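Single-structure report; data block below.
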Amino acid sequence: MTTSEAPAADCGLRERKKQQTRAAIHAAALELVTDRGLAGVTVEEICAAAGVSPRTFFNYFPSKGNAALGLPATTVPDEARATFLAAEGPLVSDLCDLVAQTVTLPEDRRRMKELVQARPEMVPTMLQWMADARLAVHEVASQRTDPDSARTAVTLVMAAVIEAAHRFTVGSRDDLADRLRGVVAEMGRLATA
4 MTTSEAPAAD CGLRERKKQQ TRAAIHAAAL ELVTDRGLAG VTVEEICAAA GVSPRTFFNY
64 FPSKGNAALG LPATTVPDEA RATFLAAEGP LVSDLCDLVA QTVTLPEDRR RMKELVQARP
124 EMVPTMLQWM ADARLAVHEV ASQRTDPDSA RTAVTLVMAA VIEAAHRFTV GSRDDLADRL
184 RGVVAEMGRL ATA
């Protein structure tokens, strides 16, 4: 193995470790919150069940509700921001790409839906996550167009995220972007039918 191969292998190992840690925190939070409710669980109990420290917990999730639902904090990646701002395609289509690179849908949406149905106190967490994602994307979109057009376009694409999450299992971020474009096009057809 050459030295140039070592960082790539290490990066893959590091990424797998992050995914395992994130999954362990999510699984522990999901189980505890399902059993005892959001108010009946502490971050420390989730950390003990997942075998992580509270500091590690907050590197992956902003709250115990987010951890139970598998919803990480939403930030627009620098590369996705730069690509969107440099793009010259249709605004909504480019926003579908930006949102797909920004929003991480929960892997087990069936269990997330079951949790929200069983524990209605989880609804505000889900709504706050969507609002945070919308604000993060709107901030970037406003750099490319006027704030009102940005708000309307972002609202449209975020509505498509909700619909895509109900309908599809998404294999990749590119797949999500394509699904979002399809749902947005369907919305347009329905609006003019």
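For our numbering, add 3 to where a residue sits in the sequence shown, where the first one is 1. Quick reminder that beta carbons are idealized off the backbone N, C-alpha and C, glycines included. Quantities reported herein were computed from a predicted structural model and do not represent experimental measurements.
Nearest neighbour of residue i, chosen from the options [CA to CA]
i	options	result
residue 148	18, 58, 71, 92	92
residue 58	95, 136, 28	28
residue 189	174, 160, 117	160
residue 30	111, 80, 77	111
residue 170	108, 66, 37	108
residue 99	193, 184, 191	184
residue 141	22, 39, 79	79
residue 33	152, 69, 90	69
Whole-angstrom distance between residue j and residue i, CA atom to CA atom
i	j	result
residue 119	residue 126	6 Å
residue 26	residue 196	43 Å
residue 41	residue 20	27 Å
residue 64	residue 76	6 Å
residue 182	residue 128	25 Å
residue 135	residue 16	30 Å
residue 81	residue 156	20 Å
residue 101	residue 133	15 Å
residue 97	residue 146	13 Å
residue 192	residue 87	25 Å
residue 9	residue 84	Residue placement at residue 9 is flagged as unreliable, the pLDDT there being 40, under the threshold of 50; a coordinate-derived value is accordingly withheld.
residue 163	residue 90	21 Å
residue 158	residue 150	12 Å
residue 35	residue 194	43 Å
residue 11	residue 22	Unreliable placement is indicated for residue 11, whose pLDDT of 46 sits below 50; the coordinate value is still reported in the next sentence. C-alpha separation (whole angstroms): 16 Å.
residue 174	residue 165	16 Å
residue 172	residue 18	22 Å
Within-8 Å CB hit, residue i to chain B
i	result
residue 193	You won't find chain B in this structure, because it holds only one protein chain.
Pair within 8 Å by beta-carbon distance, residue i and residue j
i	j	result
residue 115	residue 179	no
residue 2	residue 176	In the structure as shown, the chain starts at 4 and stops at 196, and residue 2 therefore has no counterpart that could be examined.
residue 105	residue 53	no
residue 37	residue 137	no
residue 61	residue 49	no
residue 95	residue 67	no
residue 186	residue 167	yes
residue 55	residue 24	yes
- Message: I'd like the ranges of any alpha helix (DSSP H) spanning at least 4 consecutive residues and lying wholly in the region 91 to 133.
- Response: Every unbroken stretch of the alpha helix (DSSP H) spanning 4 or more residues and falling wholly within the region 91 to 133 is given here in chain order: 94 to 105, 112 to 121.
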